[in-house]
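Protein chains in written order, with the numbering used here: chain R, 1376 to 1770; chain H, 1376 to 1770; chain E, 1376 to 1770; chain S, 1376 to 1770.
4 protein chains.
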Amino acid sequence: MFKELKRTKVFRDPLYGYVEVKYEVIEKLIDSKEVQRLRRIRQLSGVNMVFQTAEHSRFCHALGTYQVANLVLSHVEGASLLTPYEQILFLISALLHDIGHGPYSHAFENILDVRHEEMSARIITYPNSDIYKILVNHQINPNDVADIIRKKSKYKVVEKLISSQLDVDRLDYLARDAYFTGATYGNIDINRLLRSLIITKDDVLVRASGIHSVESYLMSRYHMYFQVYYHPVARAYELLLETIYLRIKDLSQNNIKINANLEDFLNVIKDSNNLDSYNQIDDSYVAGFIKQLVKSEDEILNKFANAVLNRKLFSYIELDEFANLAEIKPYLNKKYYYYESSVSAVAYLISKGENEIQILLPNNTITTLGKYSKIIEALANQSYKEVKRIYYFKD
Amino acid sequence: MFKELKRTKVFRDPLYGYVEVKYEVIEKLIDSKEVQRLRRIRQLSGVNMVFQTAEHSRFCHALGTYQVANLVLSHVEGASLLTPYEQILFLISALLHDIGHGPYSHAFENILDVRHEEMSARIITYPNSDIYKILVNHQINPNDVADIIRKKSKYKVVEKLISSQLDVDRLDYLARDAYFTGATYGNIDINRLLRSLIITKDDVLVRASGIHSVESYLMSRYHMYFQVYYHPVARAYELLLETIYLRIKDLSQNNIKINANLEDFLNVIKDSNNLDSYNQIDDSYVAGFIKQLVKSEDEILNKFANAVLNRKLFSYIELDEFANLAEIKPYLNKKYYYYESSVSAVAYLISKGENEIQILLPNNTITTLGKYSKIIEALANQSYKEVKRIYYFKD
Amino acid sequence: MFKELKRTKVFRDPLYGYVEVKYEVIEKLIDSKEVQRLRRIRQLSGVNMVFQTAEHSRFCHALGTYQVANLVLSHVEGASLLTPYEQILFLISALLHDIGHGPYSHAFENILDVRHEEMSARIITYPNSDIYKILVNHQINPNDVADIIRKKSKYKVVEKLISSQLDVDRLDYLARDAYFTGATYGNIDINRLLRSLIITKDDVLVRASGIHSVESYLMSRYHMYFQVYYHPVARAYELLLETIYLRIKDLSQNNIKINANLEDFLNVIKDSNNLDSYNQIDDSYVAGFIKQLVKSEDEILNKFANAVLNRKLFSYIELDEFANLAEIKPYLNKKYYYYESSVSAVAYLISKGENEIQILLPNNTITTLGKYSKIIEALANQSYKEVKRIYYFKD
Amino acid sequence: MFKELKRTKVFRDPLYGYVEVKYEVIEKLIDSKEVQRLRRIRQLSGVNMVFQTAEHSRFCHALGTYQVANLVLSHVEGASLLTPYEQILFLISALLHDIGHGPYSHAFENILDVRHEEMSARIITYPNSDIYKILVNHQINPNDVADIIRKKSKYKVVEKLISSQLDVDRLDYLARDAYFTGATYGNIDINRLLRSLIITKDDVLVRASGIHSVESYLMSRYHMYFQVYYHPVARAYELLLETIYLRIKDLSQNNIKINANLEDFLNVIKDSNNLDSYNQIDDSYVAGFIKQLVKSEDEILNKFANAVLNRKLFSYIELDEFANLAEIKPYLNKKYYYYESSVSAVAYLISKGENEIQILLPNNTITTLGKYSKIIEALANQSYKEVKRIYYFKD
């Protein structure tokens, strides 16, 4: 149905050997300027300040997620229940799910007040985007892809495969981030996991016999959160960026001119639907204006831009019984200098049922993972436990 | 103090690159007939019937455990608190801890009613053994080694490093058995784990900051139990051996002659202190008499020896809500044909304290792992959960 | 065409994740007693005396070779040119190619004067074998399989895939033996290699663009030969076995009775077509009679059986400029005590053309690897270089 | 002698587990702005356009090279012949050897006409650099480090370990670049290699018994050259940068103003000794001005800046028998649009002796690798073979 390439195109990848591209539409989407932009955004923002090898881009994660989707289609029982159109939607959504990310995405979302998934959906449905045109040219409705990313429940199984507590996105990034940081916790036995899954007409289930691979995957997730994603030093670095973003926003809302190359950034702050400007913004764009802000007349911008370049990070304390509160008193709630941070790495969320991972028992009834595994129940509780930190910037 | 080799001798090993031997006493012990016998005993008994690559011997595990001890001495903070004599005792005990194993050890212990640790200690202190002579020649008291293996609390720190809930034995075998089975659960970050340990004058502690590597290690242990060590089919195979062992014992106690080469085996059954005979018994010894028993006049031996060769295994059911009890009724308690098996893979044991893994908190107080980690608490409870199986042999 | 299993059966394997069995005939062949016998024969005979982890069996190599054949069918361009019958013949031949091996195969072949390939073919076409019956039951002509193994040029492409200078056998064993010894030289990028191959109507070609993966594979082969397969100490150990085999043969031809369990072995020496006896002989069979020969009245058997158990190996010198010939003078040509050995590890054989690896150039002409790559030309020459060793046994 | 840190500081690294820092001077050097700048320069310039995961920085290679030096000191026989001062010089030189690299280094060197090694030496001896001050503060003469990098033969053994045909630099980058590209050719058995080395008073030798690990290392090098480093598409991308650099230089020499943020770049072109400006220039600096040049009034800058952003690469043909010369005729020698490129990946250089890898024979004489190994001789010849390519830019 969908046009195939004459010869499968491959991208070398350390995790899967190859990323394999069979359809023309996928090839063209990879070449689109919106997907290519992901080459210039690091997957792990400031984590490279702690794990110096973590320089990999969101682009290779996009390809990786797409390849996991490929593997799902070829290895998971029941995948053939998906129609050809659903299958291609699945591959495309896997590839495109993260195109809405900005540089230092967490900080960026805080300023914009729009989540990256929403930005992804907007870009896909923006008639001026390469992506939109490619999709339309290949008889794919961009709104279908956007609806999957926005979770409109139109293609429920595909949605679940793209974004749930066990999805192609997480399978790729846990393994990938472990590989590129050198953390050893992200070892996921993806072959075994895929063999445990069953796609039915309206759901994705895990056989009870595969419980160990799921437990192991969630433990990886839990450890990666605490060891990598929420590393306090990485956060301390990202807060510098967040402070600069915030100050820029504050100044621009007060119509105070900043002497730096900030046009696209200001456009986006003013209107998050300005997707042409959005597409200009990437890690090196930010690195560019930070270098200029080093000489800014605004004291805050000046100070924090210099802090970035000289790696002068926010200090932090954990709010536990041993916390020395006197230390932070002078900073309390002082704008730009003080942040509270609650890290609760929810490796698994026990909920009212339908969002949980569904376990297919030997007698063909279904239960939830939270009920089936005491370990995961404990993990869910443990990972809820908030670690509260106060970050403050000492002059 | 202890004689060093002119040049470090090495054994290639897939897990550590090399096993490195610096002391003459270690080199000679490795060459002793008692350690060499471990080459002829598979580490995982019948597991190779399920994981066909699991043919590795107890010998390579002995070398591996020794090498982990090496790494402890060179990498763990506080290792230098051990005296030179304690250090060499540690290396030697690591190498020798398993020499008391027999072929299909679990079944063998059941017949002998002596645990392999006790057999190890006896061999070490048996004046006719190579090991005894080598130790004495190198000014090492064999009783000191035996006491460590028998846990006499004379060298408490060494004892704990050799055998506790986090010891060099487990660190090697989890990783090794995972490597040779192809299971992916045994990935242990040994570098990180060793960096988390602290040896004090009278204990071995884990820094709280290393909690993730310990949690991860125990999860590996838990998964290896269920996926590999207690695999029901491996058990079903080992029960054939156990039945043959048992029948031989029963016949010999009734003075019924068996037409096979069984002298050493019968010697040992009669007197588990017959260490010369003990040393003759290994996997190929058992394979040898099983081939002969195929034509035995004793119906039981005949039947089960044939079953081994033709891989006709015990059947089993799990005693859960779905169990079909009618199926097993004819076999109930029928000697040789019926076994009850309770698998409770205790990946971690929460106890009254001193046997637990000790966690050193940032404020320099100490707590137990069971209290510190909810996940491990759940793991301990979950892994207690018994799986009850009935094995029965259908003619 | 060929009966498929309801659900793909898998065997865990560290190299490929899983060995996947789709056809009933393959499942049944794996369960045959002739294939199961390979569980009891070590892949690398005496190499475990040097690399102590090399205990893996010929069984796991048989499964591995079969799995590589699977990968060829699913990944190599042009594989669909093979008819369904040829495809199944290919899978079966891959699985069965080594069933003719005996224990310590090299020594065994020397005594029997029959190569293991010929023995494999005989077993496959022996109407009493499980294999024969299974094949016939599944509409496969055993002679077709035997002809492939005997290289009768009936199914040329399949033959080439099974046995040539780049075949599924070597791809598996190089990688596997590297994995289980811990040698690091056998790293083969099998994904890339398979992508470089093209199956045509009557040949298997390698694209010139894939030259690097082929060069790398042959270098691995070369290094594995020198580092592992022809390790002089492994050879020194195997010569003990060879001497015992030889002495048994000599005595039996002179009708001298040997006091040990040797019936099947003697049967086979007398008549290599005695396949029922052949099937009884495996590593533990040999271990069994060696233990008995320790007390043999025949001085030679006695001496060498004791040597095996006490690891008293043949000494050796290399016949180079530095050789101390005086050392070996007393042993010169003394039967049982003296062997000459010429090791020429032919990692690649440059021949008159058709047996060479064929390279498909960008202009669609074909050349040979020996002409195309200077490195391989040098490798071929270098690996021809004979290392001559004299092995002699000092009392 | 040199101040040690209270507790060894570690950096996680996927290749070695950890990079370990014991001395204060190393810690401070890592924190210097000149070493930190390497975080912002990709190790493999434009290779990420072909291998999308190759985003790793020169910073992690600097740490890795330093760690290999650490391993040399702790594992290589004879390392203790180096004085404490030489040892610390070795560690420092390993860490600093690449600080002179600019963004897209090859292109940059072509413009500046200064090699990066010379730039490294200048930075180290520049009194305003952090590095200079740190060294002086720790009683290390910066000129000693610079002399090693400039190969002044003052510390011959250290020089050889830092830069020769078998040095810590190459050992790290081959393995690292393989890891981060996913190429599988860079697998180097560093443990075994280090065990093969011997440091003598005035040289670094390789035992003949280690020949296989050296052959294997050089084959890796050879394959990495052709598969990764000289990949024609990576080169085609880098030529865009080179063209832009060149045009900027030409315009500035003609005093034509360019409307972009180029001050530091122009300073450096004018005077390569302007190290303050040099230190400002990194990958994101270049990314920054390229974005500005997209709207340049200069047609050449405009065209090529746009080409970079839209990945419109140079075309190329190989000058072999099949070359279509008509295709390139219109571009012949047209400045900016035409480049000739001769790739001769010299994986090993056979020279008049002293620069070759020295092999220590069993009889304690020394020969060169080129004489000792036919394979390396062929490799040397084969890798000399030039591949000539014409790159041209089609409007």
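We treat Cβ as the ideally placed atom computed from N, Cα and C, and that holds for glycine. The model shown is predicted, which means the values in this text are computed figures rather than measured ones.
Asked	Found
Start-end ranges of the alpha helix (DSSP H) lying completely within the region 1438 to 1515 of chain E, minimum 4 residues	1459 to 1471, 1480 to 1487, 1491 to 1499 and 1505 to 1512
Neighbouring residues, chain S, relative to S1432(R) (Cβ below 7 Å)	E1430
Residues within the region 1381 to 1393 of chain H neighbouring chain S, beta-carbon criterion of under 7 Å	G1392 and Y1393
R1382(E) burial status per 10 Å Cβ neighbour count (16 or more: buried)	exposed
Buried/exposed call for K1678(E), threshold 16 Cβ in 10 Å	buried
Nearest neighbour of L1735(S), chosen from L1536(S), A1521(S), L1580(S) and S1538(S) [CA to CA]	L1580(S)
7 Å CB neighbourhood of I1523(E) in its chain, flanking five on each side removed	L1464, S1468, Y1530, V1533, E1534 and I1537
Residue span of the beta strand (DSSP E) that contains L1580(H), given as start and end	V1579 to R1582
With 16 other Cβ atoms within 10 Å as the buried cut-off, status of K1521(H)	Here the sequence assigns Ala to residue 1521(H), which means Lys is not the residue at that position. Burial call: buried.
Rounded straight-line distance, which links the Cα of L1438(H) to that of Q1427(E)	9 Å
Assigned secondary structure, L1735(S) (DSSP; H/G/I helix, E/B strand, else coil)	strand
Close-in-space but distant-in-sequence residues of the same chain around S1682(S) (CB under 8 Å, 5 per side omitted)	According to the sequence shown, residue 1682(S) is Ala rather than Ser. Cβ neighbours of A1682(S) beyond the five flanking positions: L1615, L1688 and F1768.
Per-residue contacts from L1754(S) into chain E (C-beta, under 9 Å)	K1749, I1750 and A1753
Option nearest I1499(H) by Cα separation, candidates N1636(H), A1635(H), N1516(H) and S1719(H)	N1516(H)
Under 8 Å between C-beta atoms of H1481(S) and S1420(S)	yes
Whole-angstrom distance between E1674(S) and F1386(R), CA atom to CA atom	34 Å
Local conformation of L1626(R) per DSSP, three classes	helix
Neighbouring residues, chain R, relative to A1558(S) (Cβ below 8 Å)	R1387
One or two residues paired with R1764(E) in a DSSP bridge	E1693(E) and S1716(E)
Beta-bridge pairing of T1743(H) - partner residues as DSSP gives them	Q1733(H)
Environment of T1458(E) [buried if 16+ CB atoms lie within 10 Å]	exposed
With 16 other Cβ atoms within 10 Å as the buried cut-off, status of Q1514(E)	exposed
Meets three-Cβ-pair contact criterion under 8 Å: the region 1649 to 1669 of chain R and the region 1625 to 1636 of chain R	yes
Closer than 8 Å to chain R by CB, N1566(E)	yes
For L1650(R), the nearest candidate out of S1659(R), F1640(R) and I1751(R) (CA to CA)	F1640(R)
V1762(H) versus A1550(H), P1607(H) and V1489(H), residue with shortest Cα-Cα distance	P1607(H)
Check whether G1585(H) and S1595(H) have beta carbons under 8 Å apart	no
Simplified DSSP state of Y1592(S), which is helix, strand or coil	helix
C-alpha distance - N1685(E) paired with S1495(H), whole-angstrom precision	21 Å
Within chain C, the residues that F1697(R) reaches when beta carbons sit closer than 8 Å	This model lacks chain C altogether; the protein chains it does include are R, H, E and S.
N- and C-terminal bounds of the alpha helix (DSSP H) containing R1545(E)	V1543 to T1556
Residue(s) in a DSSP beta bridge with Y1600(R)	DSSP, once it has assigned bridges, lists no residue as partnering Y1600(R).
Helix, strand or coil at S1432(H) [DSSP, three-state]	strand
Per-residue burial, D1547(H) [other beta carbons within 10 Å of its own, 16 or more giving buried]	buried
Buried versus exposed, by CB contacts within 10 Å (16 or more), A1722(S)	buried
Expected contact under 8 Å - CB spacing of I1563(S) and A1583(S) to nearest Å	At roughly 19 Å, the Cβ-Cβ gap does not stay under 8 Å, so I1563(S) and A1583(S) are not in contact.
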